[in-house]
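Using the numbering used here, the letters of the sequence shown correspond one by one to residues 200 to 463.
Every residue gets a Cβ at the ideal spot worked out from N, C-alpha and C, and that includes glycine.
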Amino acid sequence: MTGDFHVHTTFCDGQASPEEMVRAALARGMDAVGFSGHGRTAFDESWCMSEAGTAAYRAEIARLKKAYAGRIAVFCGVEQDMCSDAPTAGYDYVIGSVHYLRAGGEYLPVDESAALQRDAAARVFGGDIYAFAAAYYRQLASAQAATGCGVIGHFDIVAKFNEGGALFDEGDARYVNAWHDAADALLETGALFEINTGGIARGWRSVPYPAPPILDYLIARGARFLLSGDAHRPDGLRFGFDAWGAWARARGAEIVESPDFCIQ
Ligand SMILES: [Zn+2]
Ligand SMILES: [Zn+2]
200 MTGDFHVHTT FCDGQASPEE MVRAALARGM DAVGFSGHGR TAFDESWCMS EAGTAAYRAE
260 IARLKKAYAG RIAVFCGVEQ DMCSDAPTAG YDYVIGSVHY LRAGGEYLPV DESAALQRDA
320 AARVFGGDIY AFAAAYYRQL ASAQAATGCG VIGHFDIVAK FNEGGALFDE GDARYVNAWH
380 DAADALLETG ALFEINTGGI ARGWRSVPYP APPILDYLIA RGARFLLSGD AHRPDGLRFG
440 FDAWGAWARA RGAEIVESPD FCIQ
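The following block contains the structure:
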């Protein structure tokens, strides 16, 4: 199956409608597209699906499923933030992600900007960016339990703004120990891990999530992976999958082409 199962639309923070994304997927010769609208986070609706929007999203994807049957398989998933309390029943699959830290009585955005990361570290973690990153991984460790997801989203998105070590040293033992603990906990769940090229498509990163040391650690412990474009517009669909898929396979990654949720 040549699909992409991490796809956003105008129902959340994407730039194209679901039908535009389906048409783009067909034009690219894809045979599956899975939508993963951001599950509603009531405390910040700036980029997730609203309550009414969630119902409309489900209805529209159901319509597209039928309208394009026989031409492309369409799936209705959700990217559930672990701070979301929106229900996940009825979706074809769930991607579990951490976009906020719950700390100091606040929801601190993890992947909005480097400035907000620095600000959160300064105000809530005594200026210690490693404590901020460790808190992220502590929360990520329970993302599967919190969301019931079958796929772990962008494992090290906390390093989104850290190209070239701009914010912290990813070789520092405090950082490494923190992601080791999260990886060990999530490996137990059997969930797939993304190899997510969205950060490259949008110019934040030179490598997919997760970074090579994390990818290698997961590979060595038997993880299975799903390539994800995290597409927010048509040209993000399957972004770099051929090159990065080959790169990851050469490191020993077992990449799932047709996830279990596709077998219906
Ligand atoms: Zn995400
Ligand atoms: Zn996403």
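Looking at ligand 2, does it come within less than 7 Å of residue i, judged from the CB to the closest heavy atom?
i	result
ASP415	no
HIS205	yes
SER235	yes
Could you tell me which of the options sits nearest to residue i, measuring between CA atoms?
i	options	result
ARG420	ASP429, ALA382, MET281, THR396	ALA382
ALA215	GLY238, ARG432, CYS461	ARG432
HIS353	GLY370, ARG404, GLY202	ARG404
TRP443	TYR416, ASP459, GLU259, ILE399	ILE399
GLY347	ASP380, GLN316, ALA390	ALA390
ASP459	ALA258, TYR336, ASP291, ALA302	ASP291
ALA226	ASP434, CYS461, ARG239	ASP434
PRO407	TRP446, TYR416, GLY289	TRP446
ILE418	GLY439, GLY428, LEU385	LEU385
ALA365	ALA334, PRO412, ARG317	ARG317
GLU219	TYR267, MET200, SER245	TYR267
GLY402	GLY439, PRO411, VAL375, GLY370	GLY439
Between residue i and residue j, how many whole angstroms is the CB-CB distance? I'm expecting something under 8 Å.
i	j	result
VAL455	LEU436	Actually they do not touch by this definition, with Cβ atoms about 18 Å apart.
ALA231	MET281	Not confirmed; about 26 Å, so no contact.
GLY276	PHE210	Actually they do not touch by this definition, with Cβ atoms about 12 Å apart.
ALA332	ALA377	6 Å
LEU339	VAL297	5 Å
GLU393	VAL350	6 Å
LEU307	VAL323	6 Å
ALA430	VAL206	5 Å
May I ask which residues mark the beginning and end of the alpha helix (DSSP H) holding residue i?
i	result
ARG301	Element bounds for ARG301: not the alpha helix (DSSP H) but the beta strand (DSSP E), 299-302.
PRO286	Careful: PRO286 lies outside any alpha helix (DSSP H) and carries neither H nor E.
ILE260	250-266
LEU397	Looking at the sequence shown, residue 397 is not Leu but Gly. Note, GLY397: alpha helix (DSSP H), 397-400.
PHE354	Where PHE354 is concerned, there is no enclosing alpha helix (DSSP H), given that its DSSP letter is neither H nor E.
GLY444	440-449
Grouping DSSP H, G and I as helix and E and B as strand, with all else coil, what is residue i?
i	result
LEU417	helix
ILE271	coil
GLY276	strand
GLU218	helix
ASN361	coil
VAL323	helix
HIS379	helix
LEU386	helix
GLY233	strand
PHE392	strand
GLY295	strand
PRO308	strand
ALA430	strand
Kindly indicate the opening and closing residues of the beta strand (DSSP E) around residue i.
i	result
ASP203	202-206
LEU339	Element bounds for LEU339: not the beta strand (DSSP E) but the alpha helix (DSSP H), 328-340.
PHE424	423-427
GLU244	Segment: none, GLU244 is in no beta strand (DSSP E) and carries neither H nor E.
Using 7 Å as the cut-off, classify the Cβ of residue i as near or not near the heavy atoms of ligand 1, replying yes or no.
i	result
GLY352	yes
SER427	no
GLU475	Past the boundaries of the shown model lies residue 475; the chain is included only from 200 to 463, so the question cannot be answered.
HIS298	yes
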